[in-house]
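Engineer: Offset between the sequence shown (1-based) and the numbering used here: plus 14. Just so you know, even glycine gets a beta-carbon here, dropped at the ideal spot from N, CA and C.
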Amino acid sequence: MATIESRIDTQSDEFLANHASYQQRLTRLREEQESAMIGGRDGHIERHRKRKKYLPRERIDMLIDTNTAFLELSTLAAWGQYDGAVPCAGIVTGIGMVENTPCMIIANDATVKAGSFFPETIKKHLRAQEIAEQNKMPCIYLVDCGGGYLPMMDKFFPDRDGFGNTFLRQCRMSYMGLPQVSAVFGGCTAGGAYIPALSDEMVMVKNNARIHLGGPSIVKIAVNEDVDGETLGGAEMHSTVSGVSDHFVEDEEGALATAREIIAKSNFQRPSMCAPNTALPPRYDSVELLGIVSRDRKYPYDVREVIARLIDDSDFQEFKPLYAAEIVAGTGFIHGFPIGIIGNNGPIASASSLKAAHFVELCNQRNIPLLFLHNVSGFMVGKEAEQNGIAKDSAKLVYAQSIARVPRITVLIGGSYGAGNYGMCGRGFWPDFLFAWPTAEVAGMSPEICSNIMMELRKNAMGKEPPTQLELDTIEGETRRLFEMHNDPFYATSRLWDDGLIEPGDTRNVLGLCLALCNSRPKLDDPYAVYRM
Numbered sequence: 015m016a017t018i019e020s021r022i023d024t025q026s027d028e029f030l031a032n033h034a035s036y037q038q039r040l041t042r043l044r045e046e047q048e049s050a051m052i053g054g055r056d057g058h059i060e061r062h063r064k065r066k067k068y069l070p071r072e073r074i075d076m077l078i079d080t081n082t083a084f085l086e087l088s089t090l091a092a093w094g095q096y097d098g099a100v101p102c103a104g105i106v107t108g109i110g111m112v113e114n115t116p117c118m119i120i121a122n123d124a125t126v127k128a129g130s131f132f133p134e135t136i137k138k139h140l141r142a143q144e145i146a147e148q149n150k151m152p153c154i155y156l157v158d159c160g161g162g163y164l165p166m167m168d169k170f171f172p173d174r175d176g177f178g179n180t181f182l183r184q185c186r187m188s189y190m191g192l193p194q195v196s197a198v199f200g201g202c203t204a205g206g207a208y209i210p211a212l213s214d215e216m217v218m219v220k221n222n223a224r225i226h227l228g229g230p231s232i233v234k235i236a237v238n239e240d241v242d243g244e245t246l247g248g249a250e251m252h253s254t255v256s257g258v259s260d261h262f263v264e265d266e267e268g269a270l271a272t273a274r275e276i277i278a279k280s281n282f283q284r285p286s287m288c289a290p291n292t293a294l295p296p297r298y299d300s301v302e303l304l305g306i307v308s309r310d311r312k313y314p315y316d317v318r319e320v321i322a323r324l325i326d327d328s329d330f331q332e333f334k335p336l337y338a339a340e341i342v343a344g345t346g347f348i349h350g351f352p353i354g355i356i357g358n359n360g361p362i363a364s365a366s367s368l369k370a371a372h373f374v375e376l377c378n379q380r381n382i383p384l385l386f387l388h389n390v391s392g393f394m395v396g397k398e399a400e401q402n403g404i405a406k407d408s409a410k411l412v413y414a415q416s417i418a419r420v421p422r423i424t425v426l427i428g429g430s431y432g433a434g435n436y437g438m439c440g441r442g443f444w445p446d447f448l449f450a451w452p453t454a455e456v457a458g459m460s461p462e463i464c465s466n467i468m469m470e471l472r473k474n475a476m477g478k479e480p481p482t483q484l485e486l487d488t489i490e491g492e493t494r495r496l497f498e499m500h501n502d503p504f505y506a507t508s509r510l511w512d513d514g515l516i517e518p519g520d521t522r523n524v525l526g527l528c529l530a531l532c533n534s535r536p537k538l539d540d541p542y543a544v545y546r547m
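In structure tokens:
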């Protein structure tokens, strides 16, 4: 056993100051999440209730198994955009247990712009489908949407990753044998109508549920036909005349019960999610993570202290512990599942690039999932670094993790800058899951370096007349504010650069669920050689 011995003094002034600073970040996170989860404003919820309709999270609570958790994804999608009028991007996505089966649940929020699809809505919908496909999960769609938001059709209709891609993924998952089930609670027009229409099986609720490719107003304009919504696409018509609907129910409770029964009787068989080893709690309290992470990015901390509070029994078999200290790599268990961990203790140099690449190769051969803990300023720069071959050595790390066959999970615990983000399996490298702490920053470089570079460029662009100090101060202030805004973790999660902001204290359980899902995939048993770097 190689237990990590913590050197943290939980009573030190530094620890207590860090802890207090992080608590402020958590307070902000919780307040923003609570606000977003309210849903629509200006009486939309009241109108929803009058129609005897539940809110999306209430539907999810009734759908999933009793006393089981629901891992919600990208709660703050579209945060700070559209003047705050599209909280959660108008859609709730996440993983929950339905009849002892892990399912991806995608629920429209009709209290937000009538459930219309915005660019972030589609991005969030697609990401949920991607996770479901990767991890071989059924999808349950709780449909209550008005189709695409017409004024922004150019942003999401025709592109490769636009609205049409949601249809493609739905068809492909059905072909793969992953059940696609829809329960329709409200009006579904145009693109929204295809979500249930492309499902393997669907349920419609009496009076409220409607499906039509073109609503009454479109029908009037297109074919000069007067027809009301219920006659055109009501639940009863589709259940008795068109045959579009497979199940006709009286109320939402009946729809959710029917969806559960469909999953239970779908004969969908999934490998076990049980851990191969007995789970043991870490030896150190996860609440201490708040005091470990420095409140000032200029002051480093040992990533081993983070690892010690995530892994079982704080037992960590470190790889090359005396070599290339900028990278910490090693194996352990999280909730009984094996995991290979790569974390940062500074900028990545040539030796640490090779160390990390070698470790990725080991995990590939041994079928051990990888966890990347980001706190990196980038790859090392400078004359010595270039002469040591940082360009080719960093490329080896990028290449090794890019072609890794094992599941890869990324957690941004601090800065994630430049090509360091790429080497550590950032969003562009398709990790199976990517979460961020409220201390995360994702950018090409830090705000300080960015503003200094921009200052030099602007000075040179001002001509022969030297700028006054007031002009320089104004430019520097504006530039720094811009980059600090772009580096804000809320800015990043709003644009779905991650799968959600999570609290440090929740990270171990989130990782445990992700590893359980990944563990049920078929293991690759073809030969794989380790190329020592």
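1. If you draw a straight line from the alpha carbon of S534 to that of E275, how long is it in whole angstroms?
2. Whole angstroms is fine: what's the gap from F177's alpha carbon to A211's?
3. Use the C-beta contact count for I417: other C-beta atoms within 10 angstroms, 16 or more gives buried, fewer gives exposed.
4. Just checking: is the beta-carbon of I423 within a distance shorter than 8 Å of some beta-carbon in chain C?
5. Are the beta-carbon atoms of V217 and V255 separated by less than 8 Å?
6. For the ligand NAD, any of its heavy atoms closer than 7 Å to the Cβ of Q184?
7. Return the residue from the list P452, H388, W444 that minimises the CA-CA distance to L426.
8. In chain order, what residues of the same chain have a beta carbon less than 7 Å from the beta carbon of V301, not counting five sequence neighbours either side?
9. Here's the rule I'm using: 16 or more other beta-carbon atoms within 10 Å means buried, otherwise exposed. How should A124 be labelled?
10. What residues in its chain sit with their C-beta under 6 Å from that of Y68, if we drop five residues either side in the sequence?
11. With a 10 Å radius around its C-beta and 16 neighbouring C-beta atoms as the bar for buried, classify N10 as buried or exposed.
12. Counting only the same chain and skipping the five closest in sequence on each side, list residues whose C-beta sits under 6 Å from that of H33.
13. Residue range of the beta strand (DSSP E) that T107 falls in?
14. Please state if the CB of V157 and the CB of F131 are separated by a distance shorter than 8 Å.
15. Strictly by DSSP, which residues pair up with I119?
16. Less than 8 Å between C-beta atoms, sequence neighbours within five positions excluded: which residues of the same chain meet that for K369?
17. What does the alpha-carbon distance come out to for the pair R197 and V219?
18. For the beta strand (DSSP E) that S408 lies in, which residues bound it at each end?
19. With a threshold of 6 Å on Cβ separation, who are the neighbours of V524 within its own chain once the five nearest residues in sequence on each side are excluded?
20. Of the choices T203, D540, T115, whose alpha-carbon is the least far from that of R419?
21. Can you check which of these residues, I463, N114, E462, I105, is closest to M287 by C-alpha distance?
22. Kindly give me the distance between the Cβ atoms of I225 and G247, rounded to whole angstroms, as I take these residues to be in contact under 8 Å.
23. Do you know offhand how far N105's Cα is from N281's?
24. Residues in the same chain with beta-carbon distance under 8 Å from V100, minus the five sequence neighbours each way, listed in chain order, please.
25. How is the beta strand (DSSP E) around S430 delimited, first residue to last?
26. Give me the Cα-Cα distance between T292 and I348, rounded to the nearest whole angstrom.
27. Near A454, what residues of its chain come up, given a Cβ to Cβ distance below 6 Å and the 5 sequence neighbours on each side ignored?
28. If you compare alpha carbons, which of P421, A103, K410 is closest to G437?
29. Pull up the distance between the alpha-carbon of A322 and that of G354, whole angstroms please.
30. Between S231 and L385, what straight-line distance do the alpha-carbon atoms span, to the nearest angstrom?
31. Just reading off the alpha helix (DSSP H) that T180 is part of, what are its end residues?
32. Along the chain, where does the alpha helix (DSSP H) containing G243 start, and where does it finish?
33. Please go through the same chain and pick out, in chain order, the residues whose beta-carbon is closer than 6 Å to the beta-carbon of E147, but skip the five residues on each side of it.
34. Using DSSP's beta-bridge definition, name the partner residues of F84.
35. Give every residue of the same chain whose Cβ lies closer than 7 Å to the Cβ of V112, excluding the five residues on either side of it in the sequence, and list them in chain order.
36. Does the region 456-466 come close enough to the region 495-510 to have 3 or more Cβ pairs within less than 8 Å?
Structural biologist: On the basis of the data shown:
1. The straight-line gap from Cα to Cα measures roughly 23 Å.
2. 15 Å
3. I417 should be labelled exposed.
4. As a matter of chain content, chain C is missing from the structure shown, which is built from one protein chain.
5. no
6. Because no ligand of any kind appears in the structure shown, any question about the ligand NAD cannot be addressed here.
7. H388
8. Closer than 7 Å at Cβ, skipping near neighbours: G519.
9. Buried, since its Cβ has 16 or more Cβ neighbours within 10 Å.
10. Same-chain partners within the cutoff: E266.
11. Nothing about residue 10 can be reported from this structure: the residues present for the chain run from 15 to 547 only.
12. By the criterion of a C-beta distance shorter than 6 Å, H33 is surrounded in its chain by L304, G305, once the five residues flanking it on both sides are discounted.
13. 105-112
14. no
15. G108, I154
16. Result list for K369: F333, K334, Y337, A338, I341, A343, M547, in chain order.
17. The identity of residue 197 in the sequence shown is Ala, whereas the question assumes Arg. Straight-line Cα distance between these residues: approximately 8 Å.
18. Premise fails: S408 lies in the alpha helix (DSSP H), 404-416, not in any beta strand (DSSP E).
19. Leaving aside the five residues that flank V524 on each side, the residues in its chain whose CB is nearer than 6 Å to its CB run, in chain order, I516.
20. D540
21. Cα-wise, what sits closest to M287 is N114.
22. Indeed, because the Cβ distance is near 5 Å, the residues count as touching under 8 Å.
23. First, the residue type needs correcting, since residue 105 is Ile and not Asn in the sequence shown. Cα-Cα distance, rounded: 29 Å.
24. A92, V126, K127, F132, E134, T135
25. 422-431
26. 10 Å
27. Same-chain partners within the cutoff: L426, P503.
28. Per the Cα distances, K410.
29. Approximately 13 Å between the Cα atoms of the pair.
30. 52 Å
31. Where T180 is concerned, the enclosing alpha helix (DSSP H) stretches over 177-189.
32. 243-247
33. M187
34. G110
35. Within the same chain, and ignoring the five residues on either side of V112 in sequence, the residues whose Cβ sits closer than 7 Å to its Cβ are L77, I78, D79, I154, R274, I277.
36. yes
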